[in-house]
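Enquirer: Those letters in the sequence shown? Residues 1 to 76, per the working numbering, in order.
Glycine included, every Cβ here is placed at the ideal spot set by N, Cα and C.
The structure's right below; bear with me while I get my questions together.
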Amino acid sequence: MKEQMKGGGDKMNINLPYIKMMREKKGLSMQYMAELLGFKSAPAYFHYEKGERKFRADMLPVLARAFDCKIEDLYC
């Protein structure tokens, strides 16, 4: 599943399967990710990872640091 973000008039696709794969590969729980992004609970983060809510641009650097990857890696 892909999520689209608008940036400078261009649509950019967030690679949701990559985000899930990296979280699992790094052994990070949904609760940890939720707290990292300022949410109170794992279900709040779950909605983003499933594509039910859209990641904001300010969340991407946080994800990249957690996964030890480049922000560009989060796009497909």
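Consult DSSP for Lys111 and reduce its assignment to one of helix, strand or coil.
Expert: The structure shown does not extend to residue 111, since the chain is modelled only from 1 to 76, so the question has no answer here.
Enquirer: Mind reading off the beta-carbon distance from Lys20 to Glu49? Whole number of angstroms is fine, and I expect it under 8 angstroms.
Expert: Counted from its first residue, the sequence shown places residue 20 at position 20. Counted from its first residue, the sequence shown places residue 49 at position 49. With a Cβ gap of about 6 angstroms, Lys20 and Glu49 count as contacting.
Enquirer: Can you give the Cα-Cα distance for Ile71 and Leu63, rounded to whole angstroms?
Expert: The residue labelled residue 71 in the question sits at position 71 within the sequence shown. The residue labelled residue 63 in the question sits at position 63 within the sequence shown. If I take the Cα positions, the gap works out to 8 angstroms.
Enquirer: Under 7 angstroms between the Cβ atoms of Ala42 and Met59?
Expert: To locate residue 42, count along the sequence shown from 1; it is residue 42. To locate residue 59, count along the sequence shown from 1; it is residue 59. In this structure, Met59 does not lie closer than 7 angstroms to Ala42 by Cβ.
Enquirer: Please name the residue in Leu37, Pro17, His47 and Cys76 whose C-alpha comes closest to that of Arg65.
Expert: Counted from its first residue, the sequence shown places residue 65 at position 65. Measuring from the Cα of Arg65, the nearest candidate turns out to be Leu37.
Enquirer: By the three-class DSSP mapping on this structure, what secondary structure does Lys20 have?
Expert: Looking up residue 20 in the sequence shown gives position 20. Looking at Lys20 - three-state DSSP - the assignment turns out to be helix.
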